[in-house]
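Trainee: Pasting in a structure now, in structure tokens, and then I'll have a few things to ask.
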Amino acid sequence: MAVRALVWGENVHEQTNPTVREIYPDGLHGMIAAQLGQDPDITAETATLQDPEHGLTQKRLEQTDVLFWWGHAAHGEVADEVVDRVALEVWRGLGLVVLHSGHFSKIFRRLMGTPCALHWREAGERERIWTVNPGHEIARDIPRSFTVENAEMYGEPFTVPEPLETVFVSWFQGGEVFRSGLTWRRGAGKIFYFRPGHETYPVYHNETVGQVLRNAAKWGRNPARLKSDIIEALQVSLEDTPEKIEVRGPKLHEEGEKGLR
Ligand code: ZN
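So my numbering is basically just the index in the sequence shown, starting at one, shifted up by 187.
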């Protein structure tokens, strides 16, 4: 069964900046979906901020294996209710790929629990991306290093939690370095942050970048998606204990009482 990818784009700069519209006539989300769709084992759909519920209804999330997130100018306009929904779905096993300026999105900061800040410079400088974990599934068919000729610099420190794995590290012409490809787990969900991208440069036309996105889609699917409700604190009845026990000591709660969420 093909990996079901959903590319979410805030679709703001595409509407307001002619340069961005020229480079990405179908939006950044459209271009990213086209890159994913080059692989016959991936189906890629898109959703945008402007769609009802930002195109991220519960049903649609459940029918998605991996969600790609592009946002920059409108992080604050993403409804908290939708962020809650996506965060819980990631915990259940939805894969999440956060791209470039998505480092400051509500969903990424929620799942990381840290500021996710960095240094940046928009000077069109060269970026050399090093594959530092060549055996990783996301690095499949990716060379030892590759370049993006015009990039926005992102520099360390990148204030995220220590990652589970570091797949890529970037060097920039101006001298800075940055951890460009990082993974985490949250519950059953796999999370990948991938740095390359920027509205005014054709980064998502780059074939090697496209290959990383396709690899990430395949890596991010967890077929063992949790279906159960995992936000309730459930009291286990005395009748249901695997080993028989008797109550000892004073009690605060009644048998059958529900826990607070
Ligand atoms: Zn940027």
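Here a beta-carbon is modelled for each residue, glycine too, at the ideal position from N, C-alpha and C.
1. Okay, do the region 289-297 and the region 259-268 touch, 3+ Cβ pairs below 8 Å being the bar?
2. CA-CA distance, Y388 and E363?
3. When you compare only the Cα positions, how much space is there between T203 and E339?
4. Spatial neighbours of R448 within its chain, please: C-beta separation below 8 Å, excluding the five flanking residues on both sides.
5. Identify whether R448 lies in helix, strand or coil by the three-state DSSP scheme.
6. Can you find the residues in the same chain that come closer than 7 Å, C-beta to C-beta, to A261, ignoring five residues on each side of it along the sequence?
7. For E276, I'd like the list of residues in its chain whose CB is within less than 6 Å of its CB, leaving aside the five on either flank, ordered along the chain.
8. Pull up the distance between the alpha-carbon of E441 and that of T301, whole angstroms please.
9. Please report the straight-line C-alpha distance between V284 and V190, rounded to a whole angstrom.
10. Can you find a heavy atom of the ligand ZN that lies under 7 Å from the Cβ of S288?
11. Any contact between the region 367-374 and the region 239-254? By contact I mean 3 or more CB pairs, one from each, below 8 Å.
12. L425: buried (16+ other C-beta within 10 angstroms of its C-beta) or exposed?
Mentor: Quick answer:
1. By the C-beta criterion, the region 289-297 is judged to be in contact with the region 259-268, since at least 3 inter-stretch pairs fall below 8 Å.
2. Taking the straight line joining both Cα atoms gives about 19 Å.
3. Their backbone Cα atoms lie some 19 Å apart in a straight line.
4. Confidence in R448 is poor, its pLDDT being 43 and thus under 50, which makes the residue's placement too unreliable to answer from.
5. Note that R448 scores a pLDDT of 43, beneath 50, so its modelled location is shaky; the value from the coordinates is reported in the next line. Note: R448 maps to coil in three-state DSSP.
6. Excluding residues up to 5 positions away in sequence, E197, V199 and L236 lie with their Cβ nearer than 7 Å to the Cβ of A261 in the same chain.
7. In chain order, L248 place their CB closer than 6 Å to the CB of E276, counting only its own chain and leaving out the 5 sequence neighbours on each side.
8. About 38 Å.
9. Rounded to whole angstroms, V284 to V190 spans 14 Å at the Cα level.
10. Answer for S288: yes, Cβ within range of the ligand ZN.
11. No contact exists between the region 367-374 and the region 239-254.
12. By the neighbour-count rule (16 or more Cβ atoms within 10 Å), L425 is not buried but exposed.
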